[in-house]
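Protein chains: 2
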Amino acid sequence: METPNAAELLAALGHESRLSVFRLLVEAGPEGIVASAIGDRLGLPPATLSFHLAHLSRVGLIRGQKESRFIRYCAEYATMDELIAYLTRNCCQGASCLPKTATCDTIAKRRQCAGEGA
Amino acid sequence: METPNAAELLAALGHESRLSVFRLLVEAGPEGIVASAIGDRLGLPPATLSFHLAHLSRVGLIRGQKESRFIRYCAEYATMDELIAYLTRNCCQGASCLPKTATCDTIAKRRQCAGEGA
DNA sequence: ATGATATTTCGACTATTATGGAAACATGGA
DNA sequence: TCCATGTTTCCATAATAGTCGAAATATCAT
Numbered sequence: 000m001e002t003p004n005a006a007e008l009l010a011a012l013g014h015e016s017r018l019s020v021f022r023l024l025v026e027a028g029p030e031g032i033v034a035s036a037i038g039d040r041l042g043l044p045p046a047t048l049s050f051h052l053a054h055l056s057r058v059g060l061i062r063g064q065k066e067s068r069f070i071r072y073c074a075e076y077a078t079m080d081e082l083i084a085y086l087t088r089n090c091c092q093g094a095s096c097l098p099k100t101a102t103c104d105t106i107a108k109r110r111q112c113a114g115e116g117a
Numbered sequence: 000m001e002t003p004n005a006a007e008l009l010a011a012l013g014h015e016s017r018l019s020v021f022r023l024l025v026e027a028g029p030e031g032i033v034a035s036a037i038g039d040r041l042g043l044p045p046a047t048l049s050f051h052l053a054h055l056s057r058v059g060l061i062r063g064q065k066e067s068r069f070i071r072y073c074a075e076y077a078t079m080d081e082l083i084a085y086l087t088r089n090c091c092q093g094a095s096c097l098p099k100t101a102t103c104d105t106i107a108k109r110r111q112c113a114g115e116g117a
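As they're listed, the protein sequences go chains A and B. Quick note: numbering that gives the first Met the number 0 has the first sequence finishing at residue 117, numbered continuously throughout. Quick note: numbering that gives the first Met the number 0 has the second sequence finishing at residue 117, numbered continuously throughout.
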């Protein structure tokens, strides 16, 4: 991951298929999902899926890990956190503007991506 | 504004120039800024600026209001709020994952866009 | 009216992104 | 080794997005 700027992250998520992939991975949790399962779930042909997975990986929103002959992808929560933090800072100039997002424990409930921290 | 989905909002912000425009408008506050001033500030030629302003308006992230021969644009905070809320929901599945955004008053500090609510 | 200024629309062009079949590249199992 | 499977890369193509000069439109001032 080469510290992409906010616009790059936003653009990466600004595509229906990629956003769906990301959502699926968040939903899947730290376990992650194998690429082909994502393709099945979203009905994307292998080449197209690979293209989008590569894009999301490049900007650091997801991470893939080889697992025998599969590749298991999982969401990189930290990157998303940074993005949300950026938007929040940017939208509110420091003050919070999130009436809809009342949950605000500062818990560092860090999820480990399966096999992270090698 | 025709209820754009998250991907559309993300894509709109996923461009360096548009993100800069939006940031500028947030910084400017409820007053907003006149289009030409944005162009001066960011060094964008009129046609290009107009294109991006139209895009941001279309998805409801900004709003323009004619003011004699100028058009004064201001950020639509509500739309951004919704986007952040969506991402937060989506990133965290309900639980907060925002260690960096500790400010969390639920104040409905609603900013009125100059001349809003007509 | 005429001219100056602000903004958009038009139009032509360039650049970037997306799509997906087919071939190549693993990897695991018989 | 040979085949089946998962994934990527290659490639050609299609589709979309971005750029910006110039013309059009709007509004104000004189």
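Backbone N, C-alpha and C define an ideal beta-carbon position, used for all residues, glycine too.
query, result
"Reference C73/B; option with closest CA among L12/B, V33/B, P44/B", "V33/B"
"Sub-8 Å separation of V20/B and L41/B beta-carbons", "yes"
"Reduced DSSP category for V58/B - H, G, I as helix; E, B as strand; rest coil", "coil"
"Cα-Cα separation, E81/A to P45/A", "30 Å"
"Classification of N89/B by the beta-carbon crowding that lies within 10 angstroms, buried from 16 upward", "buried"
"Cα-Cα separation, S56/B to L23/A", "30 Å"
"Close Cβ partners of L8/A (< 6 Å) along its chain, the five nearest in sequence each way excluded", "V58, L82"
"Under 7 Å from the C-beta of R22/B: neighbouring residues of chain A", "N89"
"Partner residues on chain A for G13/B, Cβ-Cβ distance less than 7 Å", "A6, L9, A10, G13"
"Exposure of E75/B, with buried meaning 16 or more beta-carbon neighbours within 10 Å", "buried"
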